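Enquirer: Before I ask anything, here is the structure I am working with.
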Amino acid sequence: MKISLQTRFAVGITLGLLFTDACSRSEGGSATTPPARGFPAVNAIAAAPLGQVAGASGNVAALSIANPFEGNPQAIEQGKQLYIKMNCAGCHAYNGKGNMGPDLTDTYWRYGGLPVEIYKSIEEGRPQGMPSWGAALPPEDIWKLVAYIESFGGSVSAKDYEHARQGDQPGEQIAPEVLEQRP
Amino acid sequence: MAYHQTFGPAVDRITSLGWGLAIVSMLVVAIISLLLLVGIFRKRGHSQGLAVRSDAGGVSWIYVGTGISTVVLVGCMLWTMVVTAAVSRPPKTPALTIEVTASQFWWSVRYESATTARSFITANEIHIPVGEPVRVELKSADVIHSFWIPQLAGKMDVIPGQTNMSWLEADKAGHYRGQCAAFCGAQHAHMALLVVADSASAFAAWQESQLSEMSLGNGEGQKVFQTHCAVCHTIRGVSPEGIRGPDLSHLKTRGTLAAGLLMNTPANLAAWIANPQSFKPGTRMPAQILSGAELTAVTSYLNTLD
Amino acid sequence: MNGPCRATTRAQMKSRLAVEVDQIEPLSRNAGDEFWALSKLQFGRSPVLLTWLMVGICSCGKSQKPVVMELTAHAATTGGANLTGATFNFAPGDPAGEWHSQARDYANTRYSTLDQIDTGNVSKLRVAWTFSDGMEAGHEAAPLVVNNTMYVVTPFPDVLYALDLTKTGEPIKWTFKPNPSPMAKGKACCDSVNRGVAYVEGKLIYNLLDDHTVAVDAKTGNEIWRTKMGNVETGETMTMAPFVVGNKVYVGNSGGEMGAWGWIAALDVASGKELWRAYSTGSDQQVRIGSDFKPFYEQFKGKDLGVSTWPAGMWRHGAGTVWTWVSYDPQLNLIYYGTSNPSPRVPDQRPGDNLWTSTIFARDATTGMARWAYQTTPHDRWDYDGVNENILLDLPIDGTMRKALVHFDRNAYAYTIDRTSGEVLRAAPFAYQNWSSGFDMKSGRPIVNPDKEPHPDVKLLNVCPPDLGGKDWEPAAASPRTGLVYASIFNLCMDLTDNKVGYIPSTPYDGMNIRRFPAPGGNLGEFMAWNPATGKKVWSVKETYMTMSGVLATAGDVVFYGTADGWFRGVDARSGKVLWSQKLGSGIIGQPTTFLGPDHRQYIAISSGIGGAATIRADIDAVKPAGFPAGGNTLYVFSIGGDSMTADSNQSTR
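Chains as they are written, first to last, in the numbering used here: chain A, 1 to 183; chain B, 184 to 489; chain C, 490 to 1143.
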């Protein structure tokens, strides 16, 4: 079939663009694309309380803020690089099981295991040793760290925030050889 | 055509080889073209009928052509091998070794020294003494890069997990631009490097100034630096060993910022710190959330680092 | 202080010879007569004569000056002779039935002359009473006993309890809560522990995790003074037990994993004022190296080596912290201690020998000026430190008696070093190691195996010992009766990957990604007896779990130690036979002590409460036994039959 020069030209360019585009998404070298809907607003995160809300019981919507990088493999990988470079691995161990700092792979979270609660613990710091990173790391980097920590499997999904606060979650049996939990 | 001009024994002979091979190739093309044209436009003799007879002169053309080609090709091959061997290592033991670690999208440079206390780190700018070979050990912090100073050294890939070796020598004082030569990510094109060849005394002076430590102070700019920048950047004597980003000790002595992207002026520095992504989207340095006063303070502090 | 002395002496006699002593004439008040009477009773059965040299008044001493008792050519009554010819200096001569400092004496022997409990009756040891302080972290301190009061310090928040041993039930006399900064808890690399208290002149002195040294009145529990020694915000902490000599108390910092700047300081006992501070890296002035400094080996001679053996500026966060034990020779007036690993723990980031980290120092006890130094692991690549205790012994080496110190380093070498000059007399591995292929006696340097040198991002397999070493801070004990040194050691290896790190204050400046597992043999721990004169292991007891407890040696020829899974054992000091074991409520990483109660009965005290570095075993994938204990503290006090004042007179109060 005879294909006109213009058609061939057009197809060639399109394929070329697609090819380049696919390359840029698959290579590990480029930065993670910022999430389409951007990052959660600062005041929205600030509204997530650390403890109960006095005078009010029940759900607090701010706790349901999800991690914009949830499940993003590039973000998880970059979160892992940050985890090592920012010395998180020094306190929480390279495998996340903790040493000086608590175990991040188990299901016990002293300050909460929801994505926004983990975010706040990193950003604000916590008593008894957790430094405050909010001035040094921008929100994008902290959300990447949260994504990496979520990949350990011990955190709580944002949509389960009510169950997490009420304790409606199964416990875990610790095999004898696993380190006993240190709150 | 500036990259055809070379200034060091590591590449001078390669340039000559390059020109030589180019000329040989051009001559070959010219000769073959000529022969082809002669063959096309040669007057043909009348046909002598269909009798087949041996063409006495044809085979000798083949012998001659093959013979000349072989000699020329073998000659070129030997020349190439000799030149490659000659430039593969420095002519004498280098007195100076530097370790260059390539990251996305900048270069960390560590000056080794026999006296441990005289080894130090800088970034994106290499100073070498004129006329002395310098050994360069190449390491990568993340992906494959390639170290290329066109006027001083050929390309040498920088591969994670192994140490490659290259060397530099400059015959003349001056500034030489380098470039990452293996695609490494979104800002590969903006991953440049500056090599400055100094006279022996100027180099010694530069080394001493680089070794000196800034004194601790209490200024506003320094406070902003400690809070926002020190987790990634080092300033010798003030905040040691932030390793995620380039070492900023003696920043004022450098000619460029952001791996050769911007000239090192106060305005550029402030604009870069405020939003690096606008200049180099995809660079690893995040946009800083600084107030106007904080930005002014830290920029003026950094401008004192000479 | 003659009263308690006499009572002690009589009590000892009474308990040992319950029938006979009643028939003995009342002793004269003359100390010399008392002494000879005691000797006859204790050693009368032995046909062997002994020679005692006593300086000063009988061991209780009216003056505060330490009493030097040198034991020469001594043969014990039971068992055999001193196997090695090692002799010991027992200053300061606490009353035999008390325990005033973590190491018991200046030489750090942790040896008690009490012998009511001996190889014959130790199997009858039972729990007499217990005390729980309610803290969960690792309990590493030894309980002190002074004037029938027991002093117990807890891990963070470093609460100090005084227990009244004269009353039924050993009630709490007072509690001192120092309120250290909560920030400190997250800066302690290896659990928020406290390695103990020191008693001097009616004061109890100890360190708080948040870099304060505090003195508390032993009678009332009120704070006398508190001195700030460092800034906890940068990651520096204090965990070691202070060491007292005369009117000075020596303290040092922790934080070798946090990029701290290591130091040792001397404080005035009365006021807490800092008298001098010697750093472990930096210029000679900062390290207090002067014209008196005479190291034995060439590599330690030079100016400002604490700066020039580091890349530019890195000595500032080079660590070399002083987090364990100090010993003291009163005749030479020198203190001995070791410094920690260099920082960061990634060696390629800090080429050079990295002086003065992983180094044993001898310093003038008064001025703090260094006399000699010896670096056990130059350019320490594996976090071996150099901090383990230095036990001061006089040993026969190649026919001559030498004033020596014995040091089991984390790098798995046991060193015997001349304590006057810093010359290494013996260096032999006491645990499995493959990081070095030998030791060069001429240069005093270990010969490093290049296969075991770590480099960033390269996974290095099977490096032995791991960072915890062949033996860690848990102190050994020495017995003058056997001449042997007893230590809890490890049998471990590691896989190691280094990652380059930056210094971010208050975060670890570390970089070692480690997986630990047992060395050949499969056991994680071992308790051994070591001959310091020949440098050879005499016997050992292998343990499934880590043995990370201090050791107690007694004149009854029983040595005591505990395991990480909670077994506390009494072992025959000569044969190594385990004579008695008791499972405690949690793992044992503390230090046992022994004392005489008001009822003149000998008790053994040990705190159980696993933590510290012994819990860093989640990485030990290869070991699967169930039974590793949970945490939680109980202090156990044992006696023969479990008898005690409380048991004898216990009545319900209701």
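We treat Cβ as the ideally placed atom computed from N, Cα and C, and that holds for glycine.
Quick caveat, the model's predicted, so the values are computed rather than measured.
Under 6 angstroms Cβ to Cβ from R1145 (chain C), same chain only, skipping five residues before and after it: list those, please.
Expert: With chain C covering 490 to 1143 only, the question about residue 1145 (chain C) has no answer from this structure.
Enquirer: Quick one: list the residues of chain D neighbouring R427 (chain B), beta-carbon separation under 7 angstroms, in chain order.
Expert: Annotation note: the requested chain D is absent from the structure, which comprises protein chains A, B and C.
Enquirer: Of all the residues that make up the region 967 to 995 of chain C, which are near chain B by a beta-carbon distance shorter than 9 angstroms?
Expert: The residues in question are K989, V990, G991, Y992, I993 and P994.
Enquirer: Would A617 (chain C) pass as a contact of L881 (chain C) if the rule is Cβ separation under 7 angstroms?
Expert: In the third sequence, residue 617 (chain C) corresponds to position 128, counting from 1. In the third sequence, residue 881 (chain C) corresponds to position 392, counting from 1. Going by C-beta atoms, A617 (chain C) is not nearer than 7 angstroms to L881 (chain C).
Enquirer: Under a Cβ-count criterion, where at least 16 other Cβ atoms within 10 Å of its own Cβ denotes burial, should L146 (chain B) be classed as buried or exposed?
Expert: With chain B covering 184 to 489 only, the question about residue 146 (chain B) has no answer from this structure.
Enquirer: Are the beta-carbon atoms of E172 (chain A) and T107 (chain A) separated by less than 7 angstroms?
Expert: Position 172 of the first sequence, counted from the first residue, corresponds to residue 172 (chain A). Position 107 of the first sequence, counted from the first residue, corresponds to residue 107 (chain A). In contact: E172 (chain A) and T107 (chain A) (Cβ atoms closer than 7 angstroms).
Enquirer: Please go through the same chain and pick out, in chain order, the residues whose beta-carbon is closer than 7 angstroms to the beta-carbon of S216 (chain B), but skip the five residues on each side of it.
Expert: As a position in the second sequence, residue 216 (chain B) is number 33, starting the count at 1. Once the five neighbours on either side are set aside, S216 (chain B) has no close Cβ partner at all.
Enquirer: Indicate whether F1057 (chain C) and G1051 (chain C) have their beta-carbon atoms separated by less than 7 angstroms.
Expert: The sequence position of residue 1057 (chain C) within the third sequence is 568, counting from 1. The sequence position of residue 1051 (chain C) within the third sequence is 562, counting from 1. Contact flag set, yes.
Enquirer: Closest Cβ-Cβ distance between P138 (chain A) and chain B: below 7 angstroms?
Expert: Your numbering for residue 138 (chain A) matches position 138 in the first sequence. Output row for P138 (chain A): interface = yes.
Enquirer: Going by DSSP, what residue range makes up the alpha helix (DSSP H) through F386 (chain B)?
Expert: The residue given as residue 386 (chain B) occupies position 203 in the second sequence. Run containing F386 (chain B): A383 to L394, per the alpha helix (DSSP H) assignment.
Enquirer: If the cut is a Cβ gap below 9 angstroms, which residues of chain C does Y119 (chain A) touch?
Expert: Numbered from its first residue, the first sequence carries residue 119 (chain A) at position 119. The premise fails here: Y119 (chain A) is roughly 18 angstroms from chain C at the closest Cβ pair, so nothing lies under 9 angstroms.
Enquirer: Does K1066 (chain C) come out as helix, strand or coil in the three-state DSSP assignment?
Expert: In the third sequence, counting from the first residue as 1, residue 1066 (chain C) sits at position 577. DSSP places K1066 (chain C) in coil when its eight states are reduced to three.
Enquirer: Beta-carbon within less than 6 angstroms of D699 (chain C)'s beta-carbon, same chain only, minus the 5 sequence neighbours each way: which residues are those?
Expert: Looking up residue 699 (chain C) in the third sequence gives position 210. Cβ within range, chain order: P669, S670, A673 and V721.
Enquirer: Kindly provide the ranges of any beta strand (DSSP E) runs that are 3 or more residues long and lie completely inside the region 311 to 337 of chain B, ordered along the chain.
Expert: Fully enclosed beta strand (DSSP E) runs of 3 or longer: 317 to 323 and 328 to 332.
Enquirer: Got a sec: is the Cβ-Cβ distance from D1054 (chain C) to anything in chain A below 7 angstroms?
Expert: Here residue 1054 (chain C) refers to the residue found at position 565 when the third sequence is read from its first residue. No, because no Cβ of chain A sits closer than 7 angstroms to the Cβ of D1054 (chain C).
Enquirer: Output yes if chain C places a C-beta closer than 7 angstroms to the C-beta of A300 (chain B); else output no.
Expert: Within the second sequence, the letter at position 117 stands for residue 300 (chain B). Cβ-Cβ to chain C under 7 angstroms: yes for A300 (chain B).
Enquirer: Is it right to say G691 (chain C) is buried, meaning 16 or more other beta carbons lie within 10 angstroms of its own, or is it exposed?
Expert: Here residue 691 (chain C) is taken as the residue at index 202 of the third sequence, counted from 1. Flag for G691 (chain C) reads exposed.
Enquirer: Should Y688 (chain C) and L633 (chain C) be called a contact, given that it needs their Cβ atoms to be closer than 7 angstroms?
Expert: To locate residue 688 (chain C), count along the third sequence from 1; it is residue 199. To locate residue 633 (chain C), count along the third sequence from 1; it is residue 144. Contact: yes.
Enquirer: Using 8 angstroms as the threshold, is the region 608 to 624 of chain C in touch with the region 1043 to 1050 of chain C, meaning 3 or more CB pairs across them?
Expert: Touching, yes.
Enquirer: Which residue or residues does DSSP assign as beta-bridge partners of P885 (chain C)?
Expert: By one-based count along the third sequence, residue 885 (chain C) stands at place 396. Paired residue(s): C:M890.
Enquirer: Output the distance between the C-alpha atoms of G627 (chain C) and I1093 (chain C), rounded to the nearest integer angstrom.
Expert: Looking up residue 627 (chain C) in the third sequence gives position 138. Looking up residue 1093 (chain C) in the third sequence gives position 604. Straight-line Cα distance between these residues: approximately 20 angstroms.
Enquirer: With C-beta atoms as the reference, is K463 (chain B) less than 7 angstroms away from Q370 (chain B)?
Expert: The residue labelled residue 463 (chain B) in the question sits at position 280 within the second sequence. The residue labelled residue 370 (chain B) in the question sits at position 187 within the second sequence. Going by C-beta atoms, K463 (chain B) is nearer than 7 angstroms to Q370 (chain B).
Enquirer: Could you name the residues of chain A that K676 (chain C) contacts, counting a contact when the two beta carbons are closer than 8 angstroms?
Expert: The residue you call residue 676 (chain C) lines up with position 187 of the third sequence. Under the 8 angstroms cutoff, chain A gives M100 and G129.
Enquirer: Over the uninterrupted beta strand (DSSP E) stretch that includes W924 (chain C), give me the two end residues.
Expert: Taking the first residue of the third sequence as position 1, residue 924 (chain C) is located at position 435. Counting along the chain, W924 (chain C) falls outside any beta strand (DSSP E), and DSSP gives it neither H nor E.
Enquirer: Under 7 angstroms, Cβ to Cβ, is there at least one residue of chain A near T436 (chain B)?
Expert: Sequence index remark: in the second sequence, residue 436 (chain B) carries index 253 (1-based). No, because no Cβ of chain A sits closer than 7 angstroms to the Cβ of T436 (chain B).
Enquirer: From what residue to what residue does the beta strand (DSSP E) around H358 (chain B) run?
Expert: As a working mapping, residue 358 (chain B) is identified with position 175 in the second sequence. Unbroken beta strand (DSSP E) run through H358 (chain B): G357 to C363.
Enquirer: Listing by chain order, which chain C residues have their CB less than 7 angstroms from the CB of E391 (chain B)?
Expert: Locating residue 391 (chain B) in the second sequence gives position 208, where the first residue counts as 1. Under the 7 angstroms cutoff, chain C gives no residues; its nearest Cβ is about 11 angstroms from E391 (chain B).
Enquirer: From L1150 (chain C) to R839 (chain C), what does the alpha carbon distance come to, in whole angstroms?
Expert: Coverage of chain C is limited to positions 490 through 1143, which leaves residue 1150 (chain C) absent and any answer about it impossible.
Enquirer: Put P1144 (chain C) into one of helix, strand or coil per three-state DSSP.
Expert: Residue 1144 (chain C) is absent from the model: chain C starts at 490 and stops at 1143.
Enquirer: Closer than 7 angstroms, Cβ to Cβ, to anything on chain B: give me those residues from the region 790 to 801 of chain C, in chain order.
Expert: Those would be V796, S797, T798, W799, P800 and A801, in chain order.
Enquirer: Given 8 angstroms as the limit, is there contact between the region 904 to 917 of chain C and the region 780 to 788 of chain C, that is, 3 or more CB pairs closer than that?
Expert: Cβ pair count under 8 angstroms is three or more, so yes.
Enquirer: In chain order, what residues of the region 997 to 1023 of chain C put their CB closer than 8 angstroms to some CB of chain A?
Expert: Result list: P997, Y998, D999, G1000 and N1002.
Enquirer: Quick one: what does DSSP say D195 (chain B) is sitting in, helix, strand or coil?
Expert: Taking the first residue of the second sequence as 1, we reach residue 195 (chain B) at position 12. Reduced to three states, the DSSP call for D195 (chain B) is helix.
Enquirer: When the Cα of T930 (chain C) is compared with those of C:A917, C:Q922 and C:K941, which residue comes out closest?
Expert: Mapped onto the third sequence, residue 930 (chain C) falls at position 441. Sequence check: residue 930 (chain C) is Met here, not Thr. For M930 (chain C), the nearest C-alpha among the options comes from C:A917.
Enquirer: Output yes or no for whether 7 angstroms exceeds the beta carbon distance between V811 (chain C) and T798 (chain C).
Expert: Your numbering for residue 811 (chain C) matches position 322 in the third sequence. Your numbering for residue 798 (chain C) matches position 309 in the third sequence. Going by C-beta atoms, V811 (chain C) is not nearer than 7 angstroms to T798 (chain C).
Enquirer: At a cut of 8 angstroms, does the region 321 to 339 of chain B reach the region 408 to 418 of chain B through at least three beta carbon pairs?
Expert: No: fewer than three Cβ pairs fall under 8 angstroms.
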